[in-house]
Structures are given as structure tokens and as C-alpha cells.
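So for the sequence shown, this note's numbering puts the first residue at 66; every next one is plus one.
Note that CB positions come from ideal geometry on N, CA and C, so glycine has one too.
Quick caveat: nothing in here was measured; it's all calculated off a predicted structure.
Some notes on the structure that comes next.
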Amino acid sequence: MSTAGHPGPGRGRAGRVLSSVAVALGCVLFLGGFAWGALLYKPYTVPTDSMTPTIGRGHRVLAQRIDGGRVHRGDVVVFTDKAWGDVPMVKRVVGVGGDTVACCDARGRMTVNRQPVEEPYLQDPGPASPIGFTATVPKDQLFLLGDHRSDSVDSRSHLGTGQGTVPRSAVSARVDATAWPIGDWGMLGRPASFAALPGGTSSPGPLPALAFAVVTGAALVLGGAAYGPMERLFRRGPAAETAKKTAASHG
Numbered sequence: 066m067s068t069a070g071h072p073g074p075g076r077g078r079a080g081r082v083l084s085s086v087a088v089a090l091g092c093v094l095f096l097g098g099f100a101w102g103a104l105l106y107k108p109y110t111v112p113t114d115s116m117t118p119t120i121g122r123g124h125r126v127l128a129q130r131i132d133g134g135r136v137h138r139g140d141v142v143v144f145t146d147k148a149w150g151d152v153p154m155v156k157r158v159v160g161v162g163g164d165t166v167a168c169c170d171a172r173g174r175m176t177v178n179r180q181p182v183e184e185p186y187l188q189d190p191g192p193a194s195p196i197g198f199t200a201t202v203p204k205d206q207l208f209l210l211g212d213h214r215s216d217s218v219d220s221r222s223h224l225g226t227g228q229g230t231v232p233r234s235a236v237s238a239r240v241d242a243t244a245w246p247i248g249d250w251g252m253l254g255r256p257a258s259f260a261a262l263p264g265g266t267s268s269p270g271p272l273p274a275l276a277f278a279v280v281t282g283a284a285l286v287l288g289g290a291a292y293g294p295m296e297r298l299f300r301r302g303p304a305a306e307t308a309k310k311t312a313a314s315h316g
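Take a look at the structure:
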């Protein structure tokens with residue numbers, strides 16, 4: 066028969082079973098989330114200021130491995146193109162096949178197919194580009210710009226070659242989040258200004274769900290592993306108190 070505040074054998078056995086289940090489930094979520102994340106995402110360090118303030122020089126980002134055919138306007142992508150130096154670069158897609166991208170309108174905004182695009186993510190408060198340009202994007206190509214328009218070597222610098230565009234096949238990943246430094250950690254949103262254009266914007270990647278699985282798994286493992294020591298400590302308390310009372314009564 067159990068005393069008040071002291072779990073009986075049945076309750077203790079059930080607790081140990083639940084703790085084992087919690088640890089097992091936690092391991093599945095924790096390890097599975099990490100493994101799935103490693104398959105879907107790759108880290109990348111941004112070497113320049115061209116994407117400031119969205120992504121600063123030296124920032125570590127998490128980019129989802131995707132096929133270039135899944136890229137939409139507004140996406141920040143990692144790509145490699147021989148004409149651009151044959152090294153991985155990070156830029157924002159502002160035009161896709163068939164688009165006419167131009168700058169600037171009377172209010173200093175970039176236009177896509179004559180539709181003005183508001184770009185609150187830009188570094189500079191002035192016009193969307195310090196130099197004017199117009200480009201028609203060929204089929205299966207992408208027109209890319211940095212967010213720091215006055216300090217970015219991008220499609221504007223390659224207008225003489227294929228309208229400054231790169232093939233969709235050059236894209237290897239889409240940036241979903243900034244991972245480092247900690248103070249700048251966060252998901253990259255999809256620009257609302259591109260959502261109204263045909264094709265809209267891309268859907269968010271699974272990174273939040275994977276992070277939730279990893280954190281939840283870690284909590285379950287720690288909680289389940291702590292049950293045994295806590296239960297023994299809890300049982301030892303009443304037993305020690307009873308022993309003291311017995312000794313006092315005999316004394």
C-alpha cells in the first residue's frame with residue numbers, strides 16, 4: 066500500500082514505461098530531423114555585401130537544395146555560372162523567362178512587365194538602381210539583382226551577354242534562413258510585391274518543421290532521461306523522513 070506522496074509500484078512502472086517511450090520518440094524526432102535537414106539543406110557563407118541588409122557579409126545561411134525549375138520571383142538563390150566567375154553567388158531573382166525588367170519609373174521603382182515593384186528590403190533609400198536598365202528575360206533564364214544595388218555585381222553588369230541572365234539550371238539552392246550570427250537568425254520572407262505577379266511567390270521550405278522536430282526531440286530525450294533519477298530522489302525523500310521518525314521514537 067502506498068503512502069501519501071509516494072508512488073506505488075504500478076504507478077512507478079507506468080512512469081518508467083512512459084519515460085522510455087519519450088526517449089525513443091525523442092531520438093526519432095531529433096535524429097530524423099537532423100538527417101532530413103542535412104539532405105534538404107546546405108550551409109553557405111555569403112562572401113560579399115551585395116545582399117545587405119537582407120544578408121550581410123560573412124553571414125551563414127541555410128539554403129534548401131532545389132531544382133532551378135522551382136524558382137520564383139523574389140527568391141534569394143545560390144547559383145554558379147561561368148560568365149559570372151564560376152563561383153557560388155547569392156542574389157535575388159527579380160525576373161523569369163518572358164519578363165521585361167526595367168528601372169526606374171518616375172518614383173524610382175523597378176518594374177516587371179510595366180508593373181512597379183515595391184522593394185522594402187533594399188539597402189539604399191533612393192532609386193531601385195543607381196543606373197537605368199531594361200532587359201527582356203529569355204525562356205528558362207533568370208534575371209538576378211543584389212539587395213545592395215549600389216554595391217552589387219549582378220545582371221546589370223552582364224547585360225551584353227544574354228540580357229544579363231543566367232539559366233535556371235545554374236541554381237543549386239534557395240536561401241530559407243540566416244543561421245549566423247545568432248542575433249540575425251531568422252527566416253527569409255517571400256516579398257509581397259512579387260506575389261501579385263503571375264506565378265506568385267514560392268512556398269516556404271520545411272525548415273521550421275524540421276527545427277520543431279529537433280527541439281521537441283531534444284526535450285523528450287532530456288525529459289525522459291531525467292525521469293529515473295527524479296523518481297528515485299522523490300522516493301528517497303519520504304523514506305529518509307520515515308527512518309528519522311523511527312529512530313527518534315526508539316531513542
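- Message: With a threshold of 8 Å between beta-carbons, can residue 271 be considered close to chain E, or not?
- Response: Protein chains in the displayed structure number just one, and chain E is not present.
- Can you list the alpha helix (DSSP H) stretches of 4 or more residues lying completely in the segment 205-272, in chain order? For the alpha helix (DSSP H) assignment, the uninterrupted runs of no fewer than 4 residues enclosed by the segment 205-272 are, from N- to C-terminal side, 257-260.
- How far does the beta strand (DSSP E) with residue 160 in it reach, from first residue to last? Here residue 160 refers to the residue found at position 95 when the sequence shown is read from its first residue. Bounds of the beta strand (DSSP E) holding residue 160 are 154-161.
- Item | Cα-Cα separation, residue 138 to residue 180 | Residue 138 sits at position 73 when you count from the first residue of the sequence shown. Residue 180 sits at position 115 when you count from the first residue of the sequence shown. Going by the C-alpha atoms only, they are around 13 Å apart.
- Counting along the chain, where does the beta strand (DSSP E) carrying residue 116 start and finish? Counting from one through the sequence shown, the residue named residue 116 turns up at place 51. Careful: residue 116 lies outside any beta strand (DSSP E) and carries neither H nor E.
- Query: Which whole-angstrom value describes the C-beta separation of residue 158 and residue 142, a residue pair presumed to lie in contact below a C-beta threshold of 8 Å?
  - Reply: Working through the sequence shown from its first residue, we reach residue 158 at position 93. Working through the sequence shown from its first residue, we reach residue 142 at position 77. The distance from the Cβ of residue 158 to that of residue 142 is about 6 Å, consistent with a contact at the 8 Å cut-off.
- Query: What first and last residue would you give for the beta strand (DSSP E) that runs through residue 125?
  - Reply: Counting from one through the sequence shown, the residue named residue 125 turns up at place 60. 125-130 is the extent of the beta strand (DSSP E) around residue 125.
- Query: So does the segment 204-211 actually touch the segment 276-283, counting three or more Cβ pairs closer than 8 Å?
  - Reply: Touching, no.
- Query: In whole angstroms, what separates the C-alpha of residue 222 from that of residue 146?
  - Reply: Numbered from its first residue, the sequence shown carries residue 222 at position 157. Numbered from its first residue, the sequence shown carries residue 146 at position 81. About 14 Å.
- Message: Looking at the strands, I want to know which residues DSSP matches up with residue 171.
- Response: The residue you call residue 171 lines up with position 106 of the sequence shown. DSSP, once it has assigned bridges, lists no residue as partnering residue 171.
- Message: Taking the straight line between their C-alpha atoms, what separation do you get for residue 376 and residue 122?
- Response: Here the chain covers residues 66 to 316 and nothing more, so residue 376 does not appear.
- Task: May I ask you to report which of helix, strand or coil DSSP gives residue 279?
- Result: Working through the sequence shown from its first residue, we reach residue 279 at position 214. Note: residue 279 maps to helix in three-state DSSP.
- Message: Less than 8 Å between the C-beta atoms of residue 211 and residue 219, yes or no?
- Response: Here residue 211 refers to the residue found at position 146 of the sequence shown. Here residue 219 refers to the residue found at position 154 of the sequence shown. In this structure, residue 219 lies closer than 8 Å to residue 211 by Cβ.
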